[in-house]
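Numbering (my numbering), first residue to last: 11 to 286. Glycine included, every Cβ here is placed at the ideal spot set by N, Cα and C.
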Amino acid sequence: MQSRIRKNGRFATLFIVLLLAASFASAQAPAAAVERGSATAKGGFRNENDIRDKFINWREDTDARLWLTAIGYDTSAIKDVTAAKPSGEKADVVVTVTKSDGAGRRHGISIKLVSSPNGFNQIDKRWLRQYAKMWEMPPEIVAALRLFVGEDPPVGKTRRPERMFLTELSKEVQAAVVGFFSARKEQIVADLLRGEGTGRADLFMVAWKPGRETRWKIVTADDAIRFFGDGPVEITRSGNLKIGRITMQRKGGDGGRETAKMLQFKMNPSLVFEMK
11 MQSRIRKNGR FATLFIVLLL AASFASAQAP AAAVERGSAT AKGGFRNEND
61 IRDKFINWRE DTDARLWLTA IGYDTSAIKD VTAAKPSGEK ADVVVTVTKS
111 DGAGRRHGIS IKLVSSPNGF NQIDKRWLRQ YAKMWEMPPE IVAALRLFVG
161 EDPPVGKTRR PERMFLTELS KEVQAAVVGF FSARKEQIVA DLLRGEGTGR
211 ADLFMVAWKP GRETRWKIVT ADDAIRFFGD GPVEITRSGN LKIGRITMQR
261 KGGDGGRETA KMLQFKMNPS LVFEMK
């Protein structure tokens, strides 16, 4: 009888040990998967300069090592990392990684620091004439957008004396605007998020500080372009233009100065955390 009790006790102990081990493994697996593209920062950071400095100090900085892993590197095979913060480029920080075999690669990172899950960030702002040249806008689209930003005075009765909203244009003109941006959507979203040339961004990083810690996620620019460009091109009830998850509007503000007439594109970067 006592032998049977001892045997049952050993089986119970073994079962509990196996159960605890399985629970530990299941908890670790998702965490490891998350760390490949997103995680919670250990040291925290306030701006792009801090992120640049953390990359430079990658040997001692836990966050930087996680970022390099998320980009796709085995940190044990890295020889050197340099980082710089250019001015006026899509890439807020440019990181160059040199591997042990001497091969080097540049990574331009567009960084969005957000304080609210519902906040919007400006991703691009220029004069209409610059966008018209970039995207080869037909004259009728340029004319419509000149009314939209207020470069030309409004026609007819409008909500604002200095400009027109897209909903105040004729149905034919509205359809032409939607048709143009729909046809060029892929190029337009790529220009807004990645850019071109030496200042382009190959990676897209979002850092959000909901509390004491900072959450971050890094995705490729191509994935960000697909995600934020996903959805129809349509005119909103407020009279702006929605391009997938990106909004085009007149800049406004600036005390009525000419710069208020610039075109502005905005989006909510925290949506990146919803990407699969």
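Taking P96 as the centre and dropping the five residues before and after it, the same chain places the C-beta of V104 and G209 closer than 7 Å to its C-beta, in chain order.
Boundaries of the beta strand (DSSP E) around S120: G114 to V124.
Within its own chain, the residues whose Cβ lies closer than 6 Å to the Cβ of V124, once the five positions on either side in sequence are excluded, are W218, P279 and S280, listed in chain order. M258 is bridged by DSSP to L251 and F275. Nearest Cα to I119 within the set A80, A113 and W145: A80.
Counted as a single uninterrupted DSSP element, the alpha helix (DSSP H) harbouring L203 occupies residues K195 to L203.
For the 9 Å CB-CB criterion, A93 and D63 form a contact.
By the neighbour-count definition (other C-beta atoms within 10 Å, threshold 16), K100 is a buried residue. Taking 8 Å as the upper bound for CB-CB distance, L203 and I133 are in contact here, some 6 Å apart. In terms of Cβ geometry, D240 and H117 do not form a close pair [threshold 9 Å]. R62 carries a helical assignment under DSSP once its states are collapsed to helix, strand and coil.
Under the three-state reduction of DSSP, A94 is assigned to strand. Within the model, the alpha-carbon separation for F191 versus R236 is close to 15 Å.
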